[in-house]
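Everything in the sequence shown is counted per our numbering, starting at 9 for the first residue and increasing by one.
Backbone N, C-alpha and C define an ideal beta-carbon position, used for all residues, glycine too.
What you are looking at is a predicted structure, and each value in this text was computed from that prediction instead of being measured.
This report concerns only the one structure given below.
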Amino acid sequence: QVQLVQSGGGLVQAGGSLRLSCAASGSIVGTKTLGWYRQAPGKQRELVASMAALGTTNYSNDVKGRFTISRNIRENSVYLQMNSLKPEDTAVYFCYVDFAPYGRAYWGQGTQVTVSS
């Protein structure tokens with residue numbers, strides 16, 4: 009079992025920055041992918057950014073160039089640096105780690121990010 013604890017959300021004005029953190033209770037070595045999803049009110053959960061085992065990153069078109077995903081394997085943590093935030097980035101953000109195919113995926117509790125115009 010791995011528990012993911014998120015921190016770092018909040019309220020920010022458009023154009024501002026936030027950094028989300030996701031701390032795992034166990035090692036994230038061996039994850040196939042890890043990353044961040046978000047869910048805005050009335051919308052489906054969508055992938056924001058992901059990182060594969062060898063470090064290859066992937067971003068949604070909406071956040072490409074503004075958000076950066078990173079990880080610290082020694083600290084078992086995943087981060088999402090969000091710059092140039094827009095009101096449409098307002099959502100609950102969820103981190104995840106996926107140990108497929110030999111294990112399961114785990115999710116953080118979610119953290120609210122609100123961007124005011």
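DSSP, read as helix, strand or coil, puts glutamate 54 in strand. With 16 or more other Cβ atoms from the protein chains shown falling within 10 Å of its own Cβ, leucine 26 counts as buried. For secondary structure counted as the beta strand (DSSP E) over 3 or more consecutive residues, the stretch 78-113 holds these complete runs in sequence order: 85-90, 99-106.
Here the stretch 101-121 makes no contact with the stretch 61-69; the two share fewer than three CB pairs at distances below 8 angstroms. No Cβ-Cβ contact shorter than 8 angstroms links valine 100 with alanine 32.
Counting C-beta pairs with one atom in each stretch, the stretch 79-99 and the stretch 41-54 have three or more that are closer than 8 angstroms, which means they touch. DSSP places valine 13 inside the beta strand (DSSP E), whose first and last residues are 12-15. DSSP places valine 20 in the strand class (E or B) of the three-state scheme.
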